[in-house]
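This report refers to the structure that appears directly beneath it.
Protein chains: 2
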Amino acid sequence: MDRSDITAALVIIGDEILSGRTQDANLAYLAKWLNEAGIQLHEVRVVQDIEDEIVAAVNPLRARYDYVFTTGGIGPTHDDITVDSVAAAFGVPVVVHPEAYRRMLEYYGEENFTEARKRMTRVPEGAELIDNPVSIAPGIRIENVFIMAGVPKIMQSMLEAIRGELKTGRKVWTQALTVHAPESKIAEGLGDIQAANPETSIGSYPFYHTGTPGAQIVIRSAAPEAIDTAMGAVMNMCDAAGFDTDHPTELQ
Amino acid sequence: MDRSDITAALVIIGDEILSGRTQDANLAYLAKWLNEAGIQLHEVRVVQDIEDEIVAAVNPLRARYDYVFTTGGIGPTHDDITVDSVAAAFGVPVVVHPEAYRRMLEYYGEENFTEARKRMTRVPEGAELIDNPVSIAPGIRIENVFIMAGVPKIMQSMLEAIRGELKTGRKVWTQALTVHAPESKIAEGLGDIQAANPETSIGSYPFYHTGTPGAQIVIRSAAPEAIDTAMGAVMNMCDAAGFDTDHPTELQ
Chain A
2 MDRSDITAAL VIIGDEILSG RTQDANLAYL AKWLNEAGIQ LHEVRVVQDI
52 EDEIVAAVNP LRARYDYVFT TGGIGPTHDD ITVDSVAAAF GVPVVVHPEA
102 YRRMLEYYGE ENFTEARKRM TRVPEGAELI DNPVSIAPGI RIENVFIMAG
152 VPKIMQSMLE AIRGELKTGR KVWTQALTVH APESKIAEGL GDIQAANPET
202 SIGSYPFYHT GTPGAQIVIR SAAPEAIDTA MGAVMNMCDA AGFDTDHPTE
252 LQ
Chain B
2 MDRSDITAAL VIIGDEILSG RTQDANLAYL AKWLNEAGIQ LHEVRVVQDI
52 EDEIVAAVNP LRARYDYVFT TGGIGPTHDD ITVDSVAAAF GVPVVVHPEA
102 YRRMLEYYGE ENFTEARKRM TRVPEGAELI DNPVSIAPGI RIENVFIMAG
152 VPKIMQSMLE AIRGELKTGR KVWTQALTVH APESKIAEGL GDIQAANPET
202 SIGSYPFYHT GTPGAQIVIR SAAPEAIDTA MGAVMNMCDA AGFDTDHPTE
252 LQ
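Have a look at this one:
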């Protein structure tokens, strides 16, 4: 790993995802948001809503990556165990955060500030709050771990709230090219181009959805000019072999 | 974990997913397919296309769960490293599988059986093939690890090919109820119902997409009658509190 890479992992608190009923919508959003901010998402784990499982995921990941995000399990119901689980991972007690309490009390008023809502003012001791402009109940930061909501709209607003707090490294740029030929026919040339362009990472993702096989060639690098060189080589190879290609995507 | 539970994990070979460019489509399909077959998906990891990362995911998971599935990285290009990585995880060499070679040669013919295509006949030593009726190049089983394609249509056809080979346990049934009230207003009652119905697992998933807050209450159990009891209690609670609910979903 390059020294200038800042890395992150995501832990999805995940019974609902693991059942297949709900399709996760946070991974792709977080991955793109982090990359735009100069942070690379390097690992994701989806774990059961069980404290030991969450601890077993959070602890190795927070030791290894610059940042760990969790999504889900911070609401008012009995199955919302992320705060307790992350506290257990850090070996600290769970306490009521006075500022979270103040915000929730102000928003709901005394009469509607139920025990269930008070649950959402609990944090691992020593944690800071992450603003939630959508529904008030805050996210939580403890050291390099960010406890985020599972509801995409709220998760996304919490990300905006921490934008300035994250150290950032290189952004990885991406450009993709659709080739209308079987992957196996470009494999050898593509391998040569990868070998000749070590600053890039070249992926090939086959598809069949158009009836004839093809592949998306995806070139990634922190150096846009390196992508340009490698993309030129891929397009020349396809031209020389008589394979149709679409226009490359914009560099992103 | 109940003794009658058969469990599985999924390792997504995942640069393209971790970049956020592509939304994984295999997790939800696999989760539902496995549950229908009486196997519970308990953990998912998305890892980089790096051999050490794949080994570090596969080895603890295959020790812990009955089955491990991998998706992605078994094509003909330089970035397809799953076979080599799983072989490394098992500490065995990679060899050409004669039957895979025979099938691919028959399908492509001598003149089109390129080096790249020959790559797709390589397996960890001791592995068996998984039929691929879509595009011939087989999946691979070694002990309790199933190396599957990343292309959803092919992954799905490989699942059908192994249907008879898997030992199966309990199916977990699910029924869901949409409640049109803030989660925090049903939290306490829901916790009581969970406590009174230990054979079920009750999840609450808030939503805001209709403008007013609501929650999906999802009740899971291997015992349909236990779901029925708990669902009755949730509906009674909502009725008593004057909260609108939709009809419960079918038991699935």
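First to last, the sequence lines map onto chains A and B. Residue numbers for the first sequence follow the numbering used here, so the first one is 2 and each next one is one higher. Residue numbers for the second sequence follow the numbering used here, so the first one is 2 and each next one is one higher. A virtual CB, placed ideally from N, CA and C, is assigned to each residue, including glycine.
Checklist entry - Looking only at C-alpha atoms, which of A:I7, A:K172, A:M149 sits nearest to A:V1? => result The question about residue 1 of chain A has no answer, for chain A in this structure spans 2 to 253.
Checklist entry - Are the C-beta atoms of B:H181 and some chain A residue less than 9 Å apart? => result no
Item to check | chain A contact for B:L167 (CB, 9 Å cutoff) | outcome: no
Checklist entry - What is the residue span of the alpha helix (DSSP H) that A:F70 lies within? => result It is not in any alpha helix (DSSP H) - A:F70 instead sits in the beta strand (DSSP E) that spans 68-72.
Item to check | Interface partners of A:P249 on chain C, CB under 7 Å | outcome: Of the chains in the structure shown, none is chain C; the protein chains are A and B.
Item to check | Sheet register partners of B:H79 (DSSP bridge) | outcome: B:H79 pairs with nothing; no bridge assigned.
Checklist entry - Which chain A residues sit within Cβ distance under 9 Å of B:I203? => result T78, H79, D80
Checklist entry - At a Cβ threshold of 9 Å, is A:A186 touching chain B? => result The sequence shown places Lys at residue 186 of chain A, rather than the Ala named in the question. Chain B, which has a Cβ nearer than 9 Å to the Cβ of A:K186, makes this yes.
Next on the checklist: Rounded to the nearest angstrom, what separates A:V45 and B:E111 at their Cα positions?
Outcome noted: 42 Å
Checklist entry - Are the Cβ atoms of A:A26 and A:P125 separated by less than 9 Å? => result no
Next on the checklist: Any beta carbon from chain B within less than 9 Å of A:V135's own beta carbon?
Outcome noted: Chain B, which has a Cβ nearer than 9 Å to the Cβ of A:V135, makes this yes.
Checklist entry - Along chain B, in chain order, which residues have C-beta atoms closer than 7 Å to that of A:L191? => result T78, H79
Checklist entry - How big is the Cα-Cα spacing for B:I220 and B:I203? => result 5 Å
Item to check | A:D25 in three-state terms, based on DSSP | outcome: coil
Next on the checklist: Restricting to Cα atoms, I'd like to know which of A:M105, A:L178, A:K186, A:A234 is closest to B:N113.
Outcome noted: A:K186
Item to check | 7 Å Cβ cut-off: residues of chain A touching B:A32 | outcome: L19, S20, G21
Checklist entry - Contact between the region 43-60 of chain B and the region 235-252 of chain A: three or more CB pairs below 8 Å? => result The region 43-60 of chain B, when compared against the region 235-252 of chain A, does not touch it at the 8 Å Cβ threshold.
Next on the checklist: Once the 5 residues before and after A:V93 are set aside, which same chain residues still bring their CB inside 7 Å of it?
Outcome noted: Once the five neighbours on either side are set aside, the close Cβ partners of A:V93 are P125, E126, G127.
Next on the checklist: If you follow the alpha helix (DSSP H) that B:E52 is in, where does it begin and where does it stop?
Outcome noted: Counting along the chain, the alpha helix (DSSP H) containing B:E52 begins and ends at 52-65.
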